[in-house]
Amino acid sequence: MKRIGIADTTFARINMRAIAIDELKSLQTGFQIETYTVPGVKDLPVACKKLFDEYNCDIVMALGMPGSQPIDKQCAHEASLGLIQTQLMCTKHIIEVFIHEDEAANDQDLTWLTEQRTREHAQNVILLLFHPEKLKKQAGKGLRQGFADVGPARG
Amino acid sequence: MKRIGIADTTFARINMRAIAIDELKSLQTGFQIETYTVPGVKDLPVACKKLFDEYNCDIVMALGMPGSQPIDKQCAHEASLGLIQTQLMCTKHIIEVFIHEDEAANDQDLTWLTEQRTREHAQNVILLLFHPEKLKKQAGKGLRQGFADVGPARG
Amino acid sequence: MKRIGIADTTFARINMRAIAIDELKSLQTGFQIETYTVPGVKDLPVACKKLFDEYNCDIVMALGMPGSQPIDKQCAHEASLGLIQTQLMCTKHIIEVFIHEDEAANDQDLTWLTEQRTREHAQNVILLLFHPEKLKKQAGKGLRQGFADVGPARG
Amino acid sequence: MKRIGIADTTFARINMRAIAIDELKSLQTGFQIETYTVPGVKDLPVACKKLFDEYNCDIVMALGMPGSQPIDKQCAHEASLGLIQTQLMCTKHIIEVFIHEDEAANDQDLTWLTEQRTREHAQNVILLLFHPEKLKKQAGKGLRQGFADVGPARG
Amino acid sequence: MKRIGIADTTFARINMRAIAIDELKSLQTGFQIETYTVPGVKDLPVACKKLFDEYNCDIVMALGMPGSQPIDKQCAHEASLGLIQTQLMCTKHIIEVFIHEDEAANDQDLTWLTEQRTREHAQNVILLLFHPEKLKKQAGKGLRQGFADVGPARG
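Sequence order for the protein chains is A, B, C, D and E.
Taking our numbering, the leading residue of the first sequence gets 1, the next gets one more, and so forth.
Taking our numbering, the leading residue of the second sequence gets 1001, the next gets one more, and so forth.
Taking our numbering, the leading residue of the third sequence gets 2001, the next gets one more, and so forth.
Taking our numbering, the leading residue of the fourth sequence gets 3001, the next gets one more, and so forth.
Taking our numbering, the leading residue of the fifth sequence gets 4001, the next gets one more, and so forth.
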């Protein structure tokens, strides 16, 4: 049985984990979910490493909501580098789902965007783990997670 | 018996270690504390690595107080990257507690913020090490360490 | 038989993989192609690692089309660092083919540039894998992939 | 017998090694010094790695004097990241002593600052290697190497 | 017999390899040269790794000529980080010789600077490999590769 890990933070202002689990379960059966909560995005890389090493996950979602200040941007950058490093150490995918607070004008938009992006990335997780051939067919389609897809270039 | 490591610096202007130890001991029993002092934040990553490798710590707090100049910001960035790398090498958590000098207007504010943030992160250490299920319940709650919590989005 | 891996994304707005395969096959025979699709450029490093470790590729093309916003630039930077790290872990080449959306004024230019750069980098892949001595003769020639070559300095 | 490594550069405008050796010897006996000179700060990480791996050093001082141009700042940043990585690979301290040319208004100030900072960091080396308990007592004291100590916050 | 590796690019506008080989051979005998050409500076780290691992080189020169655009600066930064990482993985020196296109006003100046810097760094390679004690004597002398030496501070 495949295992999907979900790492999330107490810093985020929305329960992204609940959204991810809801979407994952609506799409597919035959997998187990392991969860791990940390304070902030910079704690996510090692949380993901633990989900791979100690919880035997096959793929992990890293859910975070970086703030809008310059220091927050830097933290998100450091976290992203760590998440890439973790993937290379474990040779397994981590799907990073970061919603930057300043992507939304208010709490309502933030909630909408968070739900949208988290669900669409949960779909990517299912595709990567169970249906990689379907993902190949979507290559170059200008897909976006959250806001509307840009679509293919009209060249 | 679990071991909690504390790495701190002579650069910081407040004895963050004393605050951390006081908070840790007030919250929980049944663990041992190991301490390690270095000159500045860039020396913290290897200090944490030593606390894991040579002192057998299960988790480490990295306490620092970066200055307000651009070079200080860069040092903090480099230190943070090193702390993430250390965690990935050891598959153990380091809770970074950095207070940036320019987060506070004066020494009094700095003291207040340092005490607040250090204590709240010490609480995170205890939760990660002894009560991870409690941390899971706080996911997505918009928690902050130091200043007031932002709280969940009202979507 | 040599294996060439191709990693691409659903974020890109053009099917770069099809262009790469077309060019590779037009240049040389006696190799096999393995493909792997991921959501975005930050997922490319581990995709390449998998192409090396799990698909036994000898060289990989990493195809991506970063957007024009600051966050996109940062993602591309993080992806590039991960691609370099992957190469060092595997001691094999990854030819990064990134077209930045803001390199082109409109979809038509983007299509032209993408086709041009992808084909010219596919040529580099064939040279690195089968004809390294030909590549040596082009050293210092001011070659560019996509726009016109700058050519040697007239010193 | 403990071994202290000193890595320095031909780029620096002052013989920092001589200052370091003079200070080290004035403070303590019972150790051996190994030296290694490279062109610039970006060559220091591997020089330090060699001092650990090939010269069996227990701690290393990395002495450099980055220039004042943006490219010099970037070189220093890259060097610092490499020095942190080296420490993590070897689980040993490297005390980085960088004097940025634009920290001083003229050659006289530069000389004063270089001497001061190098000596104070040599003291840190001795403390880390022989008297870690003394360093612990200086935690949170607002110490600086070179310019005057800032001192503890008056909270 | 010692082996010196030379990695260069087709992106550069001057045959830096020819200059390096000419200088190396004019200075010393008793070594062998291995060469490796890649498209751009971001391909240099793995080329150097291959020169160490597959060609048994003892030291490598990494020759590149980054362009003047912001993206080129970022590529050079990524390449430099990769070159430092390579050195740490192999515990051997890579002498990076980068000429940034915007360091020179025209092709003539670029040619002069490239020749000068490449030759002076080739001298460093010979010193590191065969005469490290001579390099030690030049520490702190304010040496530069390309433009005139700044010289020691007059403190």
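We treat Cβ as the ideally placed atom computed from N, Cα and C, and that holds for glycine.
Which residues in the same chain have their Cβ closer than 7 Å to the Cβ of residue i, if we skip the five residues on either side of it in sequence?
i, result
"Leu-4127 (chain E)", "Lys-4134, Leu-4135"
"Pro-4094 (chain E)", "For the record, residue 4094 (chain E) in the displayed sequence is Ile; it is not Pro. Cys-4048, Val-4060, Ala-4062, Leu-4083, Thr-4086, Gln-4087."
"Asp-1109 (chain B)", "none"
Could you tell me which residues DSSP puts in a beta bridge with residue i?
i, result
"Ile-3033 (chain D)", "D:Ile-3004"
"Phe-4098 (chain E)", "E:Gly-4064"
"Thr-4009 (chain E)", "E:Val-4038"
"Ile-1014 (chain B)", "Answer is none; Ile-1014 (chain B) lacks a bridge partner."
"Ile-59 (chain A)", "A:Ile-4"
In angstroms with no decimal places, state the Cα-to-Cα distance between residue i and residue j.
i, j, result
"Glu-1023 (chain B)", "Ala-12 (chain A)", "24 Å"
"Thr-2091 (chain C)", "Val-4046 (chain E)", "6 Å"
"Trp-4112 (chain E)", "Ala-153 (chain A)", "44 Å"
"Glu-3096 (chain D)", "Gly-3064 (chain D)", "8 Å"
"Ser-68 (chain A)", "Asp-102 (chain A)", "5 Å"
"Val-4060 (chain E)", "Arg-4017 (chain E)", "12 Å"
"Met-3001 (chain D)", "Met-1 (chain A)", "55 Å"
"Cys-4057 (chain E)", "Gly-4146 (chain E)", "25 Å"
"Ala-3105 (chain D)", "His-1077 (chain B)", "27 Å"
"Arg-3117 (chain D)", "Thr-1118 (chain B)", "30 Å"
"Phe-3098 (chain D)", "Asn-3124 (chain D)", "14 Å"
"Met-89 (chain A)", "Cys-1048 (chain B)", "20 Å"
"Glu-4115 (chain E)", "Gln-4138 (chain E)", "22 Å"
"Cys-1075 (chain B)", "Gln-3074 (chain D)", "12 Å"
"Lys-50 (chain A)", "Phe-1130 (chain B)", "16 Å"
"Gly-4155 (chain E)", "Ala-3079 (chain D)", "26 Å"
"Asp-3053 (chain D)", "Ser-26 (chain A)", "54 Å"
"Pro-3132 (chain D)", "Glu-3120 (chain D)", "15 Å"
"Asn-2015 (chain C)", "Pro-2070 (chain C)", "24 Å"
"Asp-3107 (chain D)", "Asp-1107 (chain B)", "34 Å"
Among the residues of its own chain, which have a CB less than 8 Å from the CB of residue i, if the five just before and after it don't count?
i, result
"Gly-4151 (chain E)", "Lys-4141, Gly-4142"
"Pro-2055 (chain C)", "The sequence as given places Tyr at residue 2055 (chain C); Pro does not occur at that position. Closer than 8 Å at Cβ, skipping near neighbours: Arg-2003, Gly-2005, Glu-2034, Tyr-2036."
"Thr-2009 (chain C)", "Thr-2037, Val-2038, Pro-2039, Gly-2040, Val-2041, Asp-2043, Leu-2044, Leu-2063, Gly-2064, Met-2065"
"Asp-149 (chain A)", "Lys-141, Gly-142, Leu-143"
"Ala-4007 (chain E)", "Thr-4035, Tyr-4036, Thr-4037, Val-4038, Leu-4044, Ala-4047, Cys-4048, Leu-4051, Val-4060, Met-4061, Ala-4062, Leu-4063"
Can you list, in chain order, the residues of its chain whose CB lies under 6 Å from that of residue i, leaving out five sequence neighbours each side?
i, result
"Ala-3122 (chain D)", "Ala-3020, Glu-3023, Leu-3024"
"Asp-4072 (chain E)", "Pro-4066"
"His-3100 (chain D)", "Pro-3066"
Would you say residue i lies against chain G (beta-carbon separation less than 8 Å)?
i, result
"His-1077 (chain B)", "Note that chain G does not occur in the displayed structure, where the protein chains are A, B, C, D and E."
Next item on the list: Give, in chain order, every residue of the segment 121 to 149 of chain A whose Cβ lies closer than 7 Å to some Cβ of chain B.
Entry: From the segment 121 to 149 of chain A, no residue has a Cβ closer than 7 Å to chain B.
Next item on the list: With 9 Å as the limit, tell me which residues of the segment 10 to 43 of chain A have their beta carbon closer than that to any beta carbon of chain B; keep them in chain order.
Entry: Look at the segment 10 to 43 of chain A: the residues with a C-beta under 9 Å from a C-beta of chain B are Thr-10, Phe-11, Ala-12, Arg-13, Ile-14, Asn-15, Met-16, Arg-17, Ala-18, Thr-35, Tyr-36, Thr-37, Val-38, Pro-39, Gly-40, Lys-42, Asp-43.
Notebook entry, point to check: Looking at chain E, which residues of the segment 3069 to 3095 of chain D have a Cβ within less than 8 Å of any of its Cβ atoms?
Noted result: Within the segment 3069 to 3095 of chain D, the residues whose Cβ lies closer than 8 Å to any Cβ of chain E are, in chain order, Ile-3071, Gln-3074, Cys-3075, Glu-3078, Ala-3079, Leu-3081, Gly-3082, Gln-3085, Thr-3086, Met-3089.
Next item on the list: State whether the segment 1074 to 1091 of chain B contacts the segment 1030 to 1039 of chain B, with contact taken as three or more CB pairs (one from each stretch) at a distance under 8 Å.
Entry: As far as the Cβ criterion goes, the segment 1074 to 1091 of chain B does not touch the segment 1030 to 1039 of chain B, which means the pair count is below three.
Check: Listed in chain order, which residues of the segment 2043 to 2062 of chain C have Cβ atoms closer than 7 Å to some Cβ of chain A?
Finding: Those residues of the segment 2043 to 2062 of chain C that come within reach of chain A (Cβ to Cβ, closer than 7 Å) are Asp-2043, Pro-2045, Val-2046, Lys-2049, Lys-2050, Asp-2053.
Next item on the list: Output, in sequence order along the chain, the residues in the segment 100 to 112 of chain A whose CB is closer than 8 Å to any CB in chain B.
Entry: Listed in chain order, the positions of the segment 100 to 112 of chain A with a beta carbon within less than 8 Å of a beta carbon of chain B are Asp-107, Gln-108, Leu-110, Thr-111, Trp-112.
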